[in-house]
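Residue numbers (my numbering), protein chains in the order written: chain A, 1 to 335; chain B, 1 to 331; chain C, 1 to 450.
Here a beta-carbon is modelled for each residue, glycine too, at the ideal position from N, C-alpha and C.
Please read these numbers as outputs of a predicted model, since none were measured by experiment.
Structure first, commentary second.
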Amino acid sequence: MSKKNQTNSAEYMRMYMQMMRIRAFEDNANQLYLSAKMPGLTHMYSGQEAVAVGICEALTTSDKITSTHRGHGHCLAKGADLKLMFCELLGKEEGYCRGKGGSMHIADQSNGNLGANAIVGGSMGIATGAALSAKRLGTSDIVVCFFGDGATAQGLMYEVMNMAALWKLPVIYACENNLYGEYTKVEETLAGDITARAEAFGIEALQVDGQDVLAVNECTQRLAERCRKGEGPFFMELLTYRYHGHHVGDINREYYRSKEEEAEWKNNRDPIKNFGAWLTSQGIASEDELNALQSEIKTEASDAVEYALNAAYPSETEVGLHVFAATPQMGEEHA
Amino acid sequence: MREITLSKAVNEAIAEEMRRDETIFLLGEDVAEAGTPFKILSGLVEEFGTDRIVDTPIAEPGFMGIAVGAAMTGSRPIVDLMFGDFLFLIMDQLCNQAAKTHYMSGGKLNVPLVLRTNLGATRRSAAQHSQSLHALVAHIPGLKVALPSSAYEAKGLLKTAIRDNNPVVIFEDKLMYNDKAPVPEEEFLIPFGVANIKRVGTDITLIATSSMVQVAEQAADILAGQDISAEVIDPRTIVPLDEETLIASVKKTSRAIVIDEGHQSYGITGEIASRLTEKAFYHLDAPVMRMGAMDVPVPFSPVLEDLTVPTPAGVAEMARKLCSGELIHAA
Amino acid sequence: MPHDVIMPALGMAQETGVILSWLKKPGDQVSLGDALMEVETDKAVMEVESSAAGVLSDVKAAAGESVPVGQVVAVILDPEEVLSTQISQTEKPSGVAPHGATSTEAIPANIDVTSQIVMPALGMAQETGRVIAWHKQVGEEIDVDDILLEVETDKATMEVPAGKAGFVANLFVGAGQEVPVGSVIATLSNVKPSGIAAPRQPLPKPIIVPAETPTSVAMTSGLKPRFIQPGSQTTDVVAGSGKILASPKARRLALENDLDLSLLAKAGYAQPYHVADLERFDDLPQLNTEKSVLGNNKRINAAIPVIGVESFLAKLKEQADIEIYDYLVWASFASAAWRNQNQTHAAVIVEVAELLTPIGIYENLDTQRLSCAVQCNTQNPPNFIIRTLSKSLITALHLDHSYPSITVQKTATDYLISFEFSANAMSDFAAVAFISDFAARLEDPLRQLL
């Protein structure tokens, strides 16, 4: 979908719906965990929807993203299907990774999502390499590397930013600063400024209100265009907040985060509520229409959950598949 | 047939493949003008330019990660890791990312990259520049591991590695870069998973990798003088491993020694010896012995360093004992 | 100088006489003029008197036989000559007794006699000896003083004569091997072995290297290093403990070819076995068929009138006021019999026990004065065990014993002797010879006194 006209209502509505989808997906995923229907752990994106949607709506399908352990939002925002995502979270064969990746490794290759990563900062090299490929192969694709404030402590980030800057790679490093790295406040783990880190490499760095989808989107569109002209890399620090704990089991979190703070962000800075209010105020959609959309999406989501719950698990033979890729050009039909 | 050095053989393989396929590029430290400290890649940057022969900062995790990302998105990178010892720096990108991406994505994402690095002690480079760490990567599902034993294997295996759609780690013996061997001028590839029987014998099987293949051959010469006929086999790749050839040989000779330059404990020798014992058990007339590098960090002093690796005399003596029925350990 | 006892001429035309009965037995003391036998002529019965004093011996004709006039039917021996008398190995029912002799030529030629050659004790503290070289091969004839082998002790290398004449029947220990003193290392036979193959004798006691003395492999240069000589490596595995150590291939081939690896163990070959050791089955074909299990499975019984020993003991008490345990007498006689049969100068060690309770171990009891016989402290295993049952109600013990085992039960009139031995310990022949010798001494202890 072309992103040329920023004032296109349809696109605003799409952004709104994408954010709602993410919220609905996460609510359902949380429920699946709480009702012990989902194996393993997952990490909720609720509250950060504007970041993923604002950025991904400024990208083409073939532009690449790399994601984090908190990756459902990125995956959906880049065009993934709810059903297939729930299937992956439940380890079903129809999932995006045939059930073999799960929440933390979910990837959607057809939509340019190179995958969530369970290693903090683990995908930064991949994003940078994808940008190198794009430049070498002349594809005009750009890459957005999602990561959190915690990942800025990883050495890999500096190594790849250094090289990205050296080689002028078309990559946008998008730091979602949700004020907490796992269970610790960001002030306690980060010295100095986040943006200053990028600037040390000569990388242009911007700070954006992560709860304002339009601001995020507008910023991304500018940077993406400049990237395609070879002016990259760029760095965005997006100020946002996660409503849930670090992972779905992190329920009692008062010891590191006050309920008041949570309430403040939820009630006053919710991206969906605020954008909905803006849409209504601009006359783009009525409250009733928005509510109707919400029910629609809720139904869509619960249908998707139902579908995934009833979907088949992979057959046992799957366990040995895909350790190696086939190399047909050497006559290896199977690895 | 012409004879070229291992260094030249590697150079040729890379050049030929890069001419053939534009998506291939190479990155690493001092690879362009310097052609690496071992001077293996001299001339390549002149032919292919700095876009395709890319000097990196000293940031192993960084450029390994970049290679993974590039491989996932249409390029075919060759990573030059200057010393095998630096594997430890890149393990997350190699083993958590590259090795697992194809599997974790349900087969949808490929990582066709080659990591070229080296092994081998006795260069007086001390503990952090002398390790043979191929066992570490062989242990990780999703990585293929190749061990060329001469210039011939170096060229043939590297070309196959570059064309493989999987992450392949290929270890060259840094002591052998200037050793010559007959290498055909015409194009040839050596398939993975096919062992090479270098010498046919009847009394004992010597399975040796990389730098240890010539040690085994020299041991076989010593044994021939003692009327013991040793069979020498070079597996060439340990992932995939040509078990069939190894087991058939041991069934024939009923005795085996596995010789490798990795540490003797918890390494290649143990894995291969274990498979032989499992699958040729009823044909064994002697215990399958492992001979690896001593379980010590590589010492600097030449006198000490030379003690830590298997030697032809040592291998021959072990073989003699096994053939005579002499007990290596009390029964 | 022995005096012949001849069938006398008792009539002018008489050419033969019939012995009606003997009035004296072989071994009996006779005085000048004692009646020896009753003889019948065609006219009458008359007694033949002894023309000398001494011991009646070598009776060649039995009662009822017709003997030509002038033929020697017995001998009267001087007391000194008694000691060298051999007991006949087999007495044919027809009464053809071997004449008295001092060598094994007395034995009828159609009987194989095997003598065992043991590793001699060549020094005081020596417990093992290493065979350096054999001077004779299997099948070769050897004389008493011929050197049979060279043995190395910790002091020096010594040449060991055969000590008896015959043909080399078996060599059980290879050059370079070390074996305990007393173990059987070879056998001689009085007949030349047919062909080159050893005569079909069961093997002697297994060669067992003590577990505490591991010996490193001595690879003589020039030997093709195909397999280790048996017995030259440590093993704690004694034949019969159940577990056989062998390489998987050796085990499989043994199974496929119906070869019983435990037989290699019993033969004394050291474990673990490799494929090359399976060739041993070719060398010793009887191993394949020998079903002997450890433990004594052969038995010989004998009954001897107690009167001989009892009157002997009574005399000692009466004349010299000496009291000796009867079991000492038995053990002494048995030791003498053992030594005599094996023609050995080595220590003869006998363990004496009451039922299963050891009383003591005696060395060379046959050469000790029984009144002051001393027990010994040897580490060497006994050659045999003698168990008295006389104080119990038990009449027989047929149990597994590690060594050849004699039990002696006493009734009012007889000693009931039971001898149990395994095929590995000695041949049937040797066992019968041993017990016969022992029994004869029990029957007439006077032989022993001299």
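Three-state class that DSSP yields for residue i in the structure shown
| i | result |
| --- | --- |
| residue 177 of chain C | coil |
| residue 190 of chain A | coil |
| residue 354 of chain C | strand |
| residue 173 of chain B | strand |
| residue 369 of chain C | coil |
| residue 73 of chain A | helix |
| residue 59 of chain C | coil |
| residue 362 of chain C | strand |
| residue 266 of chain B | coil |
| residue 249 of chain B | helix |
| residue 25 of chain C | coil |
| residue 328 of chain B | coil |
| residue 305 of chain B | helix |
| residue 222 of chain A | helix |
| residue 253 of chain A | coil |
| residue 65 of chain B | helix |
| residue 236 of chain A | strand |
| residue 403 of chain C | coil |
| residue 317 of chain A | helix |
| residue 37 of chain A | coil |
Residue closest to residue i, alpha-carbon to alpha-carbon, out of the options
| i | options | result |
| --- | --- | --- |
| residue 145 of chain A | A:275, A:176, A:199 | A:176 |
| residue 148 of chain B | B:96, B:208, B:110, B:325 | B:208 |
| residue 75 of chain C | C:69, C:51, C:68 | C:51 |
| residue 254 of chain B | B:290, B:234, B:280, B:239 | B:280 |
| residue 329 of chain B | C:161, C:255, C:272 | C:272 |
| residue 68 of chain C | C:190, C:137, C:8, C:45 | C:8 |
| residue 127 of chain C | C:378, C:181, C:420, C:377 | C:181 |
| residue 84 of chain B | B:115, B:141, B:23, B:167 | B:115 |
| residue 427 of chain C | C:397, C:322, C:346, C:297 | C:297 |
| residue 104 of chain B | A:274, A:323, A:202 | A:323 |
| residue 38 of chain C | C:25, C:58, C:63 | C:63 |
| residue 40 of chain A | A:105, A:49, A:191 | A:105 |
| residue 303 of chain C | C:18, C:408, C:359 | C:408 |
| residue 301 of chain C | C:380, C:405, C:177, C:381 | C:405 |
| residue 378 of chain C | C:389, C:361, C:366 | C:361 |
Residue i classed as buried or exposed, judged by whether at least 16 other C-beta atoms fall within 10 angstroms
| i | result |
| --- | --- |
| residue 401 of chain C | buried |
| residue 277 of chain A | exposed |
| residue 100 of chain B | buried |
| residue 99 of chain A | buried |
| residue 444 of chain C | buried |
| residue 40 of chain B | buried |
| residue 118 of chain B | buried |
| residue 21 of chain C | exposed |
| residue 133 of chain A | buried |
| residue 21 of chain A | buried |
C-beta contact flag for residue i and residue j at 7 Å
| i | j | result |
| --- | --- | --- |
| residue 403 of chain C | residue 434 of chain C | no |
| residue 360 of chain A | residue 198 of chain A | This structure leaves residue 360 of chain A out entirely; chain A is present only between 1 and 335. |
| residue 48 of chain C | residue 60 of chain C | no |
| residue 78 of chain A | residue 28 of chain A | no |
| residue 238 of chain B | residue 315 of chain B | no |
| residue 233 of chain A | residue 171 of chain A | yes |
| residue 205 of chain B | residue 256 of chain B | yes |
| residue 186 of chain A | residue 271 of chain A | no |
| residue 189 of chain C | residue 166 of chain C | yes |
Going along the chain, which residues of the segment 246–266 of chain B sit with their C-beta nearer than 7 Å to a C-beta in chain C?
Taking a C-beta cut-off of 7 Å against chain C, the contacting residues of the segment 246–266 of chain B are 254, listed in chain order.
Which residues of the segment 60–86 of chain B have a Cβ closer than 9 Å to any Cβ of chain A? Give them in chain order.
If the cut-off is 9 Å between Cβ atoms, the segment 60–86 of chain B has 60, 61, 62, 63, 64, 65, 66, 67, 68, 69, 70, 71, 72, 73, 74, 75, 77 near chain A.
Listed in chain order, which residues of the segment 282–294 of chain B have Cβ atoms closer than 7 Å to some Cβ of chain C?
Residues passing the 7 Å Cβ filter: 282, 283, 284, 285, 286.
Of the residues that make up the segment 100–123 of chain B, which ones have a beta carbon closer than 9 Å to any beta carbon in chain A?
Correct list: 100, 101, 102, 103, 104, 105, 106, 107, 108, 109, 110, 111, 112.
Contact residues within the segment 237–270 of chain C, judged by C-beta distance below 7 Å to chain B:
Residues passing the 7 Å Cβ filter: 245, 247, 248, 249, 250, 252.
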